[in-house]
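In our numbering, the protein residues as written are 61 to 944. Ideal Cβ placement from N, Cα and C applies to all residues, glycine included. As the structure is a prediction and not an experimental result, all values here were calculated from the model.
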Amino acid sequence: MLPRIAAGKREEQEGERAGERLDQVPKPARPPCIGERVSWMAPFEISRTMKHPYAATSPDTHGHMLPTTLRQPPYSAACVPFRWMLGKQAFGDAERGVEGIAERLRIDVNPESEPELPFKTSWVQDRYNQLAMLDTFFGAIEAQRSLCFIYAKRTPLSEDARRVIVGVGRVLSVGDSVEYNYGPSESPLRCVLWERNVGHSIRPGFEDGFVLPYHELLEYAQRDPTIRLEEYAAFAPDEQFDGYSFASELLSHDGAIASLLSCAASLRKLQALLGGTQWDACLRWIDAQINSIWRARGPFPGLGSALSAFGLAHGSLLAHEITLRGQQLETNENPWAVVDAMFADPDRLGLDLSNEIGKPFRTKWSKLAPARRALLELLSRFELSAAQAICLFDPTERKSSGLSLSDKQLLDNPYLIAECTRQWPDPVAFALVDRGMFPDQVIRDVAPIPAPSAPADALDPRRLRALVIDVLTQASAEGHTLLPRDWVIQRGRERPLQPPCPISEDVLGAFAEGFAPKVVTIALGDGTPGYQLAQYSATRDLITRKIRARRGGKRHPGDHDWAKLINEGLEALPKRKAERELELRARAEKQAALEQLYGSRLSVLVGAAGTGKTTLLRILCDMPGVEERGVLLLAPTGKARVRLETATGRRGQGKTIAQFLLQHGRYEGGSGRYFLASEAPKSSEHRTVIVDEASMLTEEQLAALLETLASVDRLILVGDPRQLPPIGAGRPFVDIIHELAPADVEGKFPRCGPGYAELTIPRRQIGGQRDDLLLASWFGGSSSDPAADLVWDRVSAAATAGIRTVEWQDSTELRARLLEVMAPDAPGMVPDLGHLLPDGPVELRAWSFEVADPDDPDDPDIVDVDETLGDDTAPPALLRWARG
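See the structure below:
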């Protein structure tokens with residue numbers, strides 16, 4: 061559920077009106093989903109009252125903007141191009157050297173006319189500038205010709221961030237601009253509504269567009285819960301994520317083709333599952349639209365970017381003019397002849413190009429080497445951005461972006477463009493290159509790709525290798541560093557490619573040798589091959605080598621009174637016998653753990669929250685021979701770093717992994733990439749290195765860290781392997797634990813061995829049992845504490861401090877129950893849903909708590925509620941209480 065919908069949802073009131081037509085519900089009682097364009101299939105007009113977002117909060121500048129009516133016709137959506145209305149997107153960002161949309165498209169705007177406001181805003185405010193941006197955006201949409209893709213960000217079909225395409229149709233109409241109504245005011249500011257109505261062709265009979273049968277799919281899943289819903293969803297192409305993220309956006313030809321192919325693949329799966337032949341017509345409609353788009357796209361969709369790469373300003377506009385005015389050019393013919401004519405005689409096209417193409421540029425063009433021109437023409441076959449084309453065409457830019465490729469290599473294998481830009485902040489997608497290499501037949505007939513770039517057939521070895529690399533790259537984002545052969549085949553076959561790549565066991569067996577050196581083939585336990593990107597083979601080898609070398613190293617001598625160190629570092633023992641016995645047991649395992657941490661060159665400190673891990677680290681850091689030789693505190697996140705610094709009494713002495721590796725040349729901030737660099741500087745300033753929250757480390761992070769560290773006496777990895785896995789490839793902390801853990805460790809006490817220390821007993825608070833930690837231990841996969849069995853009895857008897865059990869069935873009931881439970885604990889709050897009013901001090905903050913599911917952290921019901929509490933648009937009932 062989107063935050064705006066969750067924020068304004070009124071369950072009881074909406075339930076009373078269930079089944080009523082939206083236009084017959086009084087405006088004050090209408091559900092908030094209307095503001096998120098859910099009425100796009102409504103066969104009736106919807107009238108909405110639009111209020112300027114700043115009218116109430118900034119009355120001096122915007123208070124004169126009165127509520128204004130927006131009428132939305134049947135079968136239409138009120139579209140808003142939010143990205144175009146962001147100031148830095150519209151006008152550019154000089155500090156970062158980013159060109160704005162207005163400059164790129166020569167839109168007549170005036171940033172200087174933006175009003176000076178008493179508050180900071182990211183949005184375009186001046187009416188003239190708003191209209192210039194909006195008119196350009198909506199002016200690009202052609203009634204009867206343009207397609208519209210309806211998508212959703214949150215659905216029950218998938219828990220990840222990919223956008224789900226819901227329906228596709230043709231655009232039938234584009235509405236006019238609507239200006240706000242104004243009241244008397246001295247403010248000169250005027251604004252327009254950003255919404256404009258776009259009518260579409262989708263109707264219940266699906267003769268000219270369609271809606272995917274997700275409701276039928278969900279009903280089927282109720283009968284058969286074993287099916288994986290996400291396998292049947294039509295996901296927006298990964299390379300078009302931004303196009304599906306700012307409410308409304310203009311989709312490129314390639315983006316539309318890829319989106320339609322995704323819909324076609326989904327419809328075929330849904331038809332096979334649900335039965336029926338009614339979707340055959342929709343598939344034929346998709347095929348017709350794809351053919352039409354290919355003709356509009358032509359063979360050189362990247363012509364504008366290629367001209368920019370050559371050095372011309374406004375390459376996209378030049379390409380547009382070439383297409384429009386170039387010697388009556390047929391849509392799919394080669395425009396490069398017109399480019400030649402343009403450089404030979406810029407006036408020949410009837411354009412004022414004197415400021416764009418002078419004699420120096422004409423000389424440069426005439427002396428361009430054949431191989432350089434061939435590369436430029438090749439790049440124009442792909443729908444690249446100008447920045448991508450520049451980095452690929454200009455040898456200096458290519459080298460500075462990390463590509464050690466020659467022009468000849470790119471011409472010999474265009475798929476290298478996708479293979480070698482995977483780590484760029486804005487990578488060139490495999491699917492984008494593949495569409496350029498395998499355009500529609502009508503394109504291939506009129507503008508065939510010349511040798512040596514031309515593909516042999518659908519099983520071209522260059523295409524196959526690039527596909528396997530792309531499959532493995534996508535798998536790494538899901539946490540996999542290696543895939544079995546069957547998985548590679550299945551994932552490759554599921555790609556919506558035209559023509560499909562006939563990947564199979566025989567194909568991989570025949571061509572796998574050619575995957576080297578970028579892909580490594582590994583024999584799995586069952587004798588079948590698995591495939592791994594070379595970068596993960598390298599990181600795994602380095603981690604294995606470093607870990608085993610440290611494990612086999614000589615232990616640090618030290619004859620310390622471990623019990624005394626622990627006792628001096630903790631508060632006095634409890635007086636009650638039962639608590640005292642448990643605390644003595646907890647201290648016994650801490651003594652054994654401290655001895656391991658001190659003596660081992662590599663150790664892991666494992667334990668659930670509340671078992672005293674950071675307390676033990678503080679004691680270690682304060683020991684003679686440790687502190688004076690230097691201690692480095694590291695953590696994956698800033699929050700974890702601060703927590704580690706605070707717990708060990710070393711504020712300001714920690715760093716995030718990214719900060720540390722950036723200083724040592726193994727982290728790239730723009731792409732967020734961690735990498736090995738054997739020639740980069742090492743770090744030998746600290747003899748004891750502690751990494752907290754090590755369960756969050758990816759293989760690349762840990763490998764880069766291990767390569768950086770030199771002359772380190774102790775490397776201590778701290779964390780709970782049962783917590784959230786890394787966001788990235790691999791789970792090295794878990795693998796290291798398995799390597800170091802003693803045999804039958806679950807049955808030992810204390811759970812310690814060479815390089816391994818596990819804390820199992822939650823720390824006690826004087827005068828009370830930590831029942832919350834005991835209860836949490838059950839959901840962490842371990843309940844080793846002797847008192848853990850008894851916690852359920854106390855919970856059932858309502859005899860636990862700080863724990864209350866409440867039953868709920870769905871997210872709607874959860875929000876209501878949560879409010880009932882939370883509100884009484886907030887001082888001065890009246891428990892009235894949506895109207896909690898503070899009249900006293902509130903000390904709790906949104907970051908002080910979290911709503912989580914121990915079994916399924918991605919449960920959409922839980923995620924909705926948790927995000928609502930921390931969102932700026934959260935219900936006042938929770939927001940005021942949570943944030944104070």
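Could you please give me the residues that DSSP links to residue i through a beta bridge?
i, result
"Cys208", "Gly229"
"Tyr816", "Val664, Gly813"
"Gln945", "A query on residue 945 cannot be resolved here, the shown segment of the chain reaching from 61 to 944 and no further."
"Tyr280", "For Tyr280, which the question treats as bridged, DSSP gives no partner whatsoever."
"His29", "No information on residue 29 is available, as it lies outside the stretch 61 to 944 that the chain covers here."
"Glu159", "DSSP output for Glu159 lists no bridge partner at all."
"Ser743", "Leu769"
"Phe270", "Val228"
"Phe295", "Val224"
"Thr215", "Ser218"
Taking residue i as the reference, which of the options has the closest Cα?
i, options, result
"Ala583", "Leu602, Ile603, Leu542", "Leu542"
"Leu630", "Glu643, Val531, Gly618", "Glu643"
"Gln132", "Thr337, Leu874, Ile797, Ser233", "Ser233"
"Asp787", "Asp284, Leu766, Glu753, Leu146", "The residue asked about is misnamed: residue 787 is Ile in this sequence, not Asp. Considering only alpha carbons, the answer is Glu753."
"Pro577", "Tyr816, Gln595, Ala366", "Gln595"
"Ser460", "Asn473, Thr481, Arg441, Tyr475", "Thr481"
"Ser107", "Ala200, Asp405, Glu255, Tyr188", "Glu255"
"Trp547", "Pro560, Pro589, Leu439, Gly265", "Pro589"
"Leu625", "Val666, Arg678, Arg611", "Arg678"
"Pro141", "Cys812, Tyr304, Pro285", "Tyr304"
"Cys139", "Ala115, Leu194, Asn189", "Leu194"
"Gln300", "Phe490, Ile863, Ala803", "Phe490"
"Phe735", "Glu745, Ser744, Thr748, Thr758", "Thr758"
"Asp486", "Pro455, Glu554, Ile450", "Ile450"
"Glu239", "Glu172, Thr128, Ala192", "Thr128"
"Phe360", "Phe498, Thr533, Arg288", "Phe498"
Using 10 angstroms around the beta-carbon of residue i, count the other beta-carbons present and answer buried if the total reaches 16, otherwise exposed.
i, result
"Pro810", "buried"
"Lys87", "exposed"
"Leu260", "Checking the displayed sequence, the identity of residue 260 turns out to be His instead of Leu. So His260 counts as buried."
"Trp907", "At Trp907 the pLDDT is 41, less than 50, meaning the model places this residue with poor confidence; the figure from the coordinates comes in the next sentence. Counting Cβ neighbours within 10 Å, Trp907 comes out exposed, since fewer than 16 surround it."
"Ala638", "exposed"
"Phe197", "buried"
"Lys673", "buried"
"Glu479", "buried"
"Ala511", "exposed"
"Trp868", "exposed"
"Gln469", "exposed"
"His112", "buried"
"Ser426", "exposed"
"Gln651", "buried"
"Gly807", "exposed"
"Ala356", "exposed"
How is residue i classed by DSSP in three states: helix, strand or coil?
i, result
"Asp340", "helix"
"Lys715", "strand"
"Gly574", "helix"
"Glu728", "strand"
"Thr286", "coil"
"Asn189", "helix"
"Gln534", "helix"
"Thr391", "Because the pLDDT of Thr391 is 42, which lies under 50, any placement of that residue in the model is unreliable, and the question is left without a value."
"Thr196", "helix"
"Glu239", "strand"
"Met889", "At Met889 the pLDDT is 39, less than 50, meaning the model places this residue with poor confidence; the figure from the coordinates comes in the next sentence. If DSSP states are grouped into helix, strand and coil, Met889 belongs with coil."
"Leu904", "The pLDDT assigned to Leu904 is 40, lower than 50, so where the model puts this residue is not dependable; a value taken from the coordinates is nonetheless given after this. Coil at Leu904, not helix or strand."
"Glu74", "helix"
"Met101", "coil"
"Met683", "coil"
"Pro544", "strand"
"Ala138", "strand"
**OP:** Counting only runs of 4+ residues fully inside the segment 588-661, write out the alpha helix (DSSP H) ranges in chain order.
**Re:** 594-611, 622-629, 637-659
**OP:** Counting only runs of 4+ residues fully inside the segment 745-793, write out the alpha helix (DSSP H) ranges in chain order.
**Re:** Counting only runs of at least 4 residues, the segment 745-793 fully encloses the following alpha helix (DSSP H) elements, listed from N- to C-terminal order: 759-768.
Subject >> Ranges of the beta strand (DSSP E) found wholly within the segment 455-523, counting only runs of at least 3 >> reply: none
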